[in-house]
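A.B. asks:
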Amino acid sequence: MKLKELESCLQQVDTFEEPKILLEQYPTSAHIAACMLYTIHNTFDDIEAKLVADLGCGCGVLSIGAAMLEAGLCVGFDIDNDALDVFRRNADEFELSNVDLVQCDLCCLKTEDYRHSFDTVIMNPPFGTKHNQGMDMKFLRAAITMAKKAVYSLHKTSTREHIQKKANDWGVKMEVIAELRYDLPASYKFHKKKSVSLNILHTLFQPG
Ligand SMILES: C[S@@+](CC[C@H](N)C(=O)[O-])C[C@H]1O[C@@H](n2cnc3c(N)ncnc32)[C@H](O)[C@@H]1O
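Residue 208, in the UniProt record's numbering, is where the sequence shown stops; the numbers in between run on with no holes.
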């Protein structure tokens with residue numbers, strides 16, 4: 001599948017109906033999701049026929065893209081049942097049978113039960129900016145435990161040094177694959193501007 005084709009399919013994915021600010025329910029745009037997944041697939045061969053987990057899957061744009069790129073199975077994990085309902089509808093709409101869902105709070109999940117259970121983990125985690133400081137690192141810790149080979153994640157560029165330090169502490173190799181601009185639409189009432197633009201890093205972590 002070509003990049004443009006993947007992006008245009010992902011534009012059809014429905015997103016949060018009433019996004020919950022405390023859960024940082026910002027959807028990944030079709031453009032960013034397609035670029036991220038295309039690179040994971042074409043450069044690293046970490047999707048096709050692989051068992052993939054998508055942490056904080058929301059309405060499923062990353063899982064659905066991974067399923068379209070022929071993941072063996074992509075399992076989405078999210079705390080929010082409303083988002084998972086939209087995910088289910090999206091998966092039905094695209095007639096995908098290689099996706100599954102787990103409703104859970106990733107902060108309480110016994111990730112040891114999933115140690116090295118997935119070939120690849122993909123995620124756009126909460127950045128930990130809304131009364132939930134450190135949430136990005138909790139997601140990353142869970143992802144690194146669950147992945148056998150690789151974790152692909154989005155992080156704010158401003159947190160780069162902090163993440164690098166954590167990766168060093170955990171004995172994990174970290175590589176920035178791309179720097180991207182993330183345009184958050186003004187989906188919440190408190191947003192004064194039409195959209196807010198953030199610099200983010202598409203990052204690869206390889207557990208030792
Ligand atoms: C930035 S959104 C990304 C959504 C989706 N992956 C995407 O790319 O569009 C973060 C997601 O993490 C979920 N989330 C937040 N806190 C969580 C927690 N403690 N456990 C599991 N999921 C959580 C939210 O419900 C939301 O769907």
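All residues carry an ideal CB built from backbone N, CA and C; glycine is no exception.
Computed from a prediction, not measured in an experiment: that's the story for all the values here.
1) Please confirm if the stretch 148-165 is in contact with the stretch 109-123, defined as three or more CB-CB distances below 8 Å between the two stretches.
2) Under DSSP, the beta strand (DSSP E) around residue 71 begins and ends at which residues?
3) Report the rounded CA-to-CA distance for residue 10 versus residue 30, giving the unit in angstroms.
4) From the DSSP output, in three-state form, read off residue 44 for me.
5) Quick one: what's got a C-beta closer than 7 Å to residue 172's C-beta in the same chain, skipping five residues either side?
6) Between the beta-carbon of residue 90 and the beta-carbon of residue 14, is there less than 8 Å?
7) Let me check you understand the geometry: is the CB of residue 61 closer than 7 Å to at least one non-hydrogen atom of ligand 1?
8) Hey, quick one: how far does the beta strand (DSSP E) through residue 203 stretch, first residue to last?
9) Let's test the definition: count the other Cβ atoms within 10 Å of the Cβ of residue 202 and tell me whether it reaches 16, buried, or not, exposed.
10) Buried or exposed: where does residue 41 fall if 16 or more other Cβ atoms within 10 Å of its Cβ makes it buried?
11) When every heavy atom of ligand 1 is checked, does at least one fall within less than 7 Å of the C-beta of residue 209?
12) Relative to ligand 1, is the shortest distance from any of its heavy atoms to the C-beta of residue 81 smaller than 7 Å?
C.D. replies: Working from what's here:
1) yes
2) Looking at the DSSP string, residue 71 is not in any beta strand (DSSP E), and its letter there is neither H nor E.
3) Their backbone Cα atoms lie some 5 Å apart in a straight line.
4) coil
5) 144, 205, 206, 207, 208
6) Yes. Within cutoff.
7) Yes, ligand 1 has a heavy atom inside 7 Å of this Cβ.
8) 195-206
9) buried
10) buried
11) Nothing can be reported for residue 209, as the shown portion of the chain is limited to 1 through 208.
12) no
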